[in-house]
Amino acid sequence: MSSFLNHPRLPAIIRVFTLPIVLLLLVEEVGAHGGGALQIANAPVGACLASVWLAPSSPRANKTLHVTVGLADAASGAPVL
36 MSSFLNHPRL PAIIRVFTLP IVLLLLVEEV GAHGGGALQI ANAPVGACLA
86 SVWLAPSSPR ANKTLHVTVG LADAASGAPV L
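Our numbering puts the sequence shown at residues 36 to 116.
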């Protein structure tokens, strides 16, 4: 076991595995978008379709409002933004 602990690549291995774990612990939430209630769905805007979500769905004064905008190519439906 002591030969394993004295291995010259051990610090590099620890860095490779520790950094992603620490970064995952620092992230509050991971998602495709911010969520919320869909307000506008696939509205044509030029060559794109736009969708908008609000969270919370009923905005209030002095509260944080999160707006998520998604753009898709009108011809293929593939995400643009």
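From the three backbone atoms N, C-alpha and C, an ideal C-beta is built for every residue, glycine too. Remember, it's a predicted structure, so these values are computed and weren't measured experimentally.
For residue 100, the closest C-alpha among the options 108, 87, 111 and 106 is that of 87. Of all alpha-carbon atoms in 115, 109 and 113, the one lying nearest the alpha-carbon of residue 81 is that of 109.
Here residue 112 is exposed. Its C-beta has fewer than 16 other C-beta atoms within 10 Å. Taking C-beta atoms as the reference points, residue 90 and residue 105 fail to come closer than 8 Å. For the options 94, 77 and 102, the alpha carbon positioned closest to that of residue 115 is the one of 77.
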